[in-house]
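To start, the structure under review is shown below, and the notes come after it.
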Amino acid sequence: MHEMSIAMNIIDIAGEQASVHGATVVHAIHADVGALAGVEVQSLAFCFEVAREGTPVAGAELVINEISGRGRCQACAADVPMDFFVAICPECGEGRVEITSGRELRVRSLDID
Ligand SMILES: [Zn+2]
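Sequential numbering of the sequence shown, starting at 4, is according to my numbering.
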């Protein structure tokens, strides 16, 4: 499962950062997940619950910050909301919309002690 490898990746990054900062406990992991990142948020949350067992971040909560998809029309420069990877500009009808946000998939911060 795609989300399982992402969850394990998040756990690896968090565990690594926690040890770099000399943390004894990780309370929460804040992750940015864009609407166009190709990740099922529900599935990722579930996979995280399973994958964290027995790791240094077993007690941590995964806080997912969902970022909506947006794009910029290359023809008229309109700001276009995007639910999918391609969009037709609502202003001029052109299909040349470049994604400007929504592809994020990263660990943003940790709550540690
Ligand atoms: Zn346009």
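We put the beta carbon where it would ideally sit given N, CA and C, even for glycine. All values derive from a computational prediction rather than experimental measurement.
Any non-hydrogen atom of ligand 1 within 7 Å of residue i CB
{"i": "Ala90", "result": "no"}
{"i": "Asp101", "result": "It should be noted that the sequence gives Glu, not Asp, for residue 101. Result no, Cβ not under 7 Å from ligand 1."}
{"i": "Cys50", "result": "no"}
{"i": "Glu107", "result": "no"}
{"i": "Ala118", "result": "Any property of residue 118 remains undetermined from this structure, which presents the chain solely from 4 to 116."}
{"i": "Ala63", "result": "no"}
{"i": "Glu94", "result": "yes"}
Which of helix, strand or coil DSSP assigns to residue i
{"i": "Cys76", "result": "strand"}
{"i": "Gly57", "result": "coil"}
{"i": "Phe5", "result": "One detail in the question is off: residue 5 reads as His in this sequence, not Phe. DSSP places His5 in helix when its eight states are reduced to three."}
{"i": "Leu47", "result": "helix"}
{"i": "Val28", "result": "coil"}
{"i": "Val89", "result": "coil"}
{"i": "Gly18", "result": "helix"}
{"i": "Val42", "result": "coil"}
Whole-number beta carbon distance between residue j and residue i, since they are thought to touch under 8 Å
{"i": "Ala63", "j": "Ala31", "result": "6 Å"}
{"i": "Arg75", "j": "Asp82", "result": "6 Å"}
Cα-Cα separation, residue i to residue j
{"i": "Leu2", "j": "Val29", "result": "A query on residue 2 cannot be resolved here, the shown segment of the chain reaching from 4 to 116 and no further."}
{"i": "Cys95", "j": "Gln77", "result": "10 Å"}
{"i": "Ser104", "j": "Asp15", "result": "25 Å"}
{"i": "Phe49", "j": "Glu101", "result": "31 Å"}
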